[in-house]
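Structure first, then comments.
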Amino acid sequence: MFARAVIAAVLAAPFVAQSVFAADCSRTYTVQEGDWCDTISAAKNVSTYQLAVVNTGNIDSSCDNLQVGNTICLGTVGEDCTTTYVVKQNDSCDLIAQNYQLNTTILYTNNPQIDAECSNIYIGEVLCVAKSIAVPPPPAGSSLPAATIPATATPANAHPSTSASVPSSTSTDAGNDDDLPWCDEL
Ligand SMILES: *[C@@H]1O[C@H](CO)[C@@H](O)[C@H](O)[C@H]1NC(C)=O
Ligand SMILES: *[C@@H]1O[C@H](CO)[C@@H](O)[C@H](O)[C@H]1NC(C)=O
Ligand SMILES: *[C@@H]1O[C@H](CO)[C@@H](O)[C@H](O)[C@H]1NC(C)=O
């Protein structure tokens, strides 16, 4: 009967204060005018996935709630990939893995948002190309961060439609479909 409910004020803040994650952050960044997630990622050697996952609940999935002066986390202690690559036109996962001498298993583990066909990488996306597992794992029970191509982005490779009308002639970029090492693991 004497119990008093203490009602905490819930702020409808669009962006949670930096103190929430400050303890775990190995690097932080203060948002400037004109910044967008992938431009910050490219400039600071942070992967698109890592920036999204370490700011889960702070930066929204379309990265449209950044405000000048916000401090965001770039990486967490012990799980901070600083070896990154910015996706260009015509890139494929095989090509990127080859260029950095990594196997595709590690590329997919460090960039779990990439789909099994590598069809959702886009120009300007920043990938972790470290040779060992370097990023935090995807959060359990919520949607995978950074899995959707942003509305303003261009896919890196034009994939033929999945309909049966695709010509079967030998094209220069077909022929990798028989060794997709990640298929069994996803
Ligand atoms: C990002 O990586 C590149 C290539 O390794 C390096 O030249 C550059 O100094 C790095 N930038 C930052 C901010 O770490
Ligand atoms: C990508 O491929 C298309 C079609 O083959 C070609 O026209 C274009 O120049 C290529 N772009 C780059 C950056 O290599
Ligand atoms: C890729 O490298 C990792 C770490 O060295 C290894 O565990 C894995 O079996 C390799 N995967 C493939 C497909 O070679």
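Numbered by mature numbering (1 follows the signal peptide of the UniProt record, and there is no 0), the letters in the sequence shown go through residues -22 to -1, 1 to 164 in order.
Glycine is no exception: its CB is placed at the ideal position from the N, C-alpha and C atoms.
Check: Who are the Cβ neighbours of residue 150 in its own chain at under 6 Å, not counting the five residues just before and after it?; Outcome: Per-residue confidence for residue 150 stands at a pLDDT of 45, beneath the threshold of 50, marking its modelled position as unreliable; no derived number is given.
Check: Taking the alpha carbon of residue 57 as the point to measure from, which residue in 27, 79 and 67 has its own alpha carbon closest?; Outcome: 27
Check: Kindly indicate the opening and closing residues of the beta strand (DSSP E) around residue 4.; Outcome: 3 to 8
Check: The beta strand (DSSP E) that contains residue 18, what's its start and end?; Outcome: Segment 15 to 22 is the alpha helix (DSSP H) holding residue 18; no beta strand (DSSP E) there.
Check: DSSP has residue 104 in a bridge; who is on the other side?; Outcome: 64
Check: Measure the Cβ-Cβ separation of residue 104 and residue 80 and say whether it is below 8 Å.; Outcome: no
Check: Give me the residue from 64, 115 and 11 with the minimum Cα distance to residue 22.; Outcome: 64
Check: Report yes or no: do the stretch 26 to 41 and the stretch 67 to 80 share at least 3 C-beta pairs separated by less than 8 Å?; Outcome: no
Check: Mind checking whether the beta-carbon of residue 23 lies closer than 7 Å to any heavy atom of ligand 5?; Outcome: Judged by which ligands are present, ligand 5 is missing from the structure shown, whose ligands are ligand 1, ligand 2 and ligand 3.
Check: Helix, strand or coil: how does DSSP classify residue 54 here?; Outcome: strand
Check: Taking the CB atoms as reference points, tell me whether residue 7 and residue 44 lie closer together than 8 Å.; Outcome: no
Check: Threshold first: 4 residues or longer. Then list the alpha helix (DSSP H) segments lying entirely within the stretch 79 to 125, N to C.; Outcome: 82 to 88
Check: Does DSSP classify residue 49 as helix, strand or coil?; Outcome: strand
Check: Pull up the CB-CB distance for residue 131 and residue 101, whole angstroms please, since I reckon it's below 8 Å.; Outcome: 6 Å
Check: Can you tell me the Cα-Cα spacing of residue 88 and residue 59, whole angstroms?; Outcome: 8 Å
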